[in-house]
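Residue numbers (the numbering used here), protein chains in the order written: chain A, 136 to 440; chain B, 9 to 116. We put the beta carbon where it would ideally sit given N, CA and C, even for glycine.
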């Protein structure tokens, strides 16, 4: 076999750091399998910033189209739990972004004259959000009750608290919101800075509400039909949220094109950044949900996810 | 990865052709491909290809004491490579025959 150890060109410390950063964006299973080999290749070839950039770009397909052989030892339950935890957070962020948009447009009663498509987008978004909330509640409730019962039976107060986060965090946030609006709000609502503070606090509350069950999933490690049902429901939620995402994208672009005088839509920077966040959250939700659904439908005894 | 190994410079094809001679690790593959076929494969491209060829069962890793893990082509990989080689050979032969038969392409 040809050894070919290379020129022995040692990469600089900064180049090594760049390569490590590029490898860090790969899925953990990919890194575990190929990370050392890639590092050895770049040590032999003297890889620099260009090599690191090429490596980082290739991480995207590694996430979206993972190679099955990297998961053939993974228990489908592990895959389902990981996907559920990710979908919970990503979907809550996506819903939050959508609600911010709704608050700034739909709830202001704004509809550009002569452009019914934006009104349709509002309706599609509302319906998708309501349906996904129902699907999440219906599909997730059996698993949630199962875990809550187990945490109570086994006297695990931390896990019980994590599982109650979806109830506690929004309740605390809404209470704080009511107090804030009454204290600093006027006839026209709150000032832009207070709106920003309230929005950021809302995202933090949503994150905590979603992270709690995710932590409980990792600690309690549920299995069985309740987990499978919740994972399939997450897949359905992700699919419906893609429709909501499309509605948001069309509405924002429409407002930029047809209503530049409204709010900040004359400057495409903020809507542009907003759309990037929306699409990124939707992509993470969809990819993770798809991988979880694939594990949920895997044949018994088959360890492919 | 596409089902067919299309294109003479398709990275999966180049990697399979490189391994058809003898097992090699990543750096040796890139060197061989650059020297014999004139194509530079980046680390990202190479390991994306290796991951997919391994998932398809066309190559397999060998044991190694250090980080430089060698790969070898499997029977399925050799068969896929042979099929693609034959396809490319037919295309090359047809093209050559038609170009030489057409006086308008005498300079081609």
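Between residue 79/B and residue 89/B, the C-beta spacing is not below 8 Å. Non-local C-beta neighbours of residue 225/A in its own chain, meaning closer than 6 Å and more than five positions away in sequence, comprise 416, 419 and 420, ordered along the chain.
Residue 48/B holds the alpha-carbon nearest to the alpha-carbon of residue 180/A among 57/B, 48/B and 56/B.
Residue contact check for residue 77/B against chain A: a CB pair falls below 8 Å. Rounded to the nearest angstrom, the gap between the Cα atoms of residue 57/B and residue 151/A is 23 Å.
For the pair residue 333/A and residue 313/A, the Cα-to-Cα distance works out to about 10 Å. Leaving aside the five residues that flank residue 319/A on each side, the residues in its chain whose CB is nearer than 7 Å to its CB run, in chain order, 325 and 329. Neighbours of residue 38/B across chain A, judged by C-beta separation under 8 Å: 176 and 180. Residues of chain A whose Cβ lies closer than 7 Å to the Cβ of residue 52/B are, in chain order, 189, 190, 192 and 193. The shortest CA-to-CA distance from residue 354/A to any of 427/A, 367/A, 282/A and 153/A is the one to 282/A.
Within the region 356-437 of chain A, the runs of alpha helix (DSSP H) that reach at least 4 residues and sit entirely inside it are, in chain order, 360-393 and 404-431. Cα atoms of residue 189/A and residue 286/A: separation of roughly 46 Å, rounded to the nearest angstrom. Residues of the same chain with their beta carbon placed closer than 6 Å to that of residue 202/A are lacking, with the five preceding and five following residues left out of the count. In the three-state reduction of the DSSP assignment, residue 30/B falls in the coil class. Close CB contacts of residue 271/A within its chain, under the 7 Å cut and outside five residues either way in sequence, are with 368 and 372 (chain order). At a cut-off of 8 Å between C-beta atoms, residue 357/A does not count as an interface residue with respect to chain B.
Residue 68/B carries a strand assignment under DSSP once its states are collapsed to helix, strand and coil. Per DSSP, residue 203/A lies in no beta strand (DSSP E) and is assigned neither H nor E. For residue 81/B, DSSP records a beta bridge to 67/B. Assignment of residue 183/A by DSSP, reduced to helix, strand and coil, places it in the coil class. Across the structure, residue 52/B and residue 322/A are spaced so that their CA atoms are roughly 57 Å apart. Under DSSP, residue 324/A takes part in a beta bridge, and its partners are 321/A.
Taking residue 298/A as reference, the option from 309/A, 276/A, 311/A and 198/A with the minimal CA-CA separation is 276/A.
Taking C-alpha positions only, residue 175/A is separated from residue 75/B by approximately 6 Å.
Measuring C-alpha to C-alpha distances from residue 260/A to each of 411/A, 344/A and 375/A identifies 375/A as the nearest. Selection 407/A, 412/A, 394/A and 414/A evaluated against residue 251/A yields 394/A as nearest (Cα-Cα). Beyond the five residues adjoining it in sequence on each side, residue 27/B comes within less than 8 Å, by CB distance, of 37, 67, 79, 80, 81 and 85 in the same chain, given in chain order. Using a Cβ-Cβ cut-off of 8 Å, residue 112/B does not count as an interface residue toward chain A, since no Cβ of chain A sits closer than that to its own.
Scanning 362/A, 265/A, 305/A and 414/A for the CA closest to the CA of residue 336/A turns up 305/A.
Judged by DSSP secondary structure, residue 261/A falls within the alpha helix (DSSP H) whose first and last residues are 251-288. Counting the other CB atoms within 10 Å of its CB gives residue 29/B a total below 16, which places it among the exposed residues.
For residue 308/A and residue 33/B, the gap between their C-alpha atoms comes out near 56 Å. In the three-state scheme derived from DSSP, where H, G and I count as helix and E and B as strand, residue 160/A is classed as coil. Identification of residues in the region 199-218 of chain A having a C-beta nearer than 7 Å to some C-beta of chain B yields 202, 203 and 204, given in sequence order. At a beta-carbon threshold of 7 Å, the residues of chain A lying near residue 60/B are 202, ordered along the chain.
Across the set 273/A, 431/A and 258/A, the C-alpha of 431/A shows the shortest separation from the C-alpha of residue 363/A.
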